[in-house]
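Student:
Numbering (the numbering used here), first residue to last: 412 to 551.
1. Using DSSP with H/G/I as helix, E/B as strand and the rest coil, what is residue 480?
2. Flag this pair as yes or no: are the beta carbons of residue 433 and residue 542 separated by less than 8 Å?
3. Going by DSSP in three states, residue 501 sits in which element: helix, strand or coil?
4. Determine the extent of the alpha helix (DSSP H) in which residue 418 is found, giving its start and end residues.
5. Got a sec, what are the start and stop residues for the beta strand (DSSP E) residue 537 sits in?
6. Give me the Cα-Cα distance between residue 478 and residue 445, rounded to the nearest whole angstrom.
7. To the nearest angstrom, report how far apart residue 458 and residue 465 are at their CA atoms.
8. Between which two residues does the beta strand (DSSP E) carrying residue 458 extend?
9. Please report the distance separating the alpha-carbon of residue 516 from that of residue 501.
10. Whole angstroms are fine: how far does the CA of residue 471 sit from the CA of residue 384?
11. Starting from the Cα of residue 417, find the closest Cα among 431, 435, 462 and 497 and give me that residue.
12. For residue 433, report the span of its beta strand (DSSP E) as first-last.
13. Apart from the five residues just before and just after residue 488, which ones in its own chain have a Cβ nearer than 6 Å to its Cβ?
14. For residue 617, which three-state DSSP category applies?
15. Can you give the Cα-Cα distance for residue 453 and residue 548, rounded to whole angstroms?
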C-alpha cells in the first residue's frame, strides 16, 4: 500500500464522502467529483540523532462542486468544507489517523493547512480544495 492509498481509505470514512468516489490525482469534470492530489513539499520535517525522521505527506482534497449565484447553494458548499475540516480536527484530537503500519510508518497527526478555497470556476461548476498534511515517523 502507499501513503496516498492509506489517506484515501481514511478520508472515505468521513461522513462527508459517504457514497462518493474519491479519486487519486484525477478530478473529473462532473459535479460531485473528488480527488486527493499530491502537493510537492520536502517530505522531511526533522531528522533526529537516533536516525528517526518526522516526515510529512502534503496533499489536497479537491471537489468539483455546483457553482452558481444561489446563496443557499454556496452556503451549503461552505458548510461541507467546514464540516470536513471539523471532522479532520476531531479525528486528529482522538488520534484516529491513517493506518501506515503496512509501510512501517507511524502516523502522528493530520492537519488542515489551508481551508476550503474556491480555486477555479466554469459555467456551472467550480473546483474547491482544502490542503492538508499528514505527519508521520519513519525509522531509518
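Virtual Cβ for every residue (Gly too), placed ideally from N, Cα, C.
Tutor: Reading from the atomic positions:
1. coil
2. no
3. If DSSP states are grouped into helix, strand and coil, residue 501 belongs with the helices.
4. 414–422
5. 536–549
6. Residue 478 and residue 445 have their C-alpha atoms spaced approximately 15 Å apart.
7. One C-alpha to the other measures close to 6 Å.
8. 455–458
9. 22 Å
10. There is simply no residue 384 to check, as the chain begins at 412 and stops at 551 in what is shown.
11. 435
12. 433–435
13. 476
14. Here the chain covers residues 412 to 551 and nothing more, so residue 617 does not appear.
15. 15 Å
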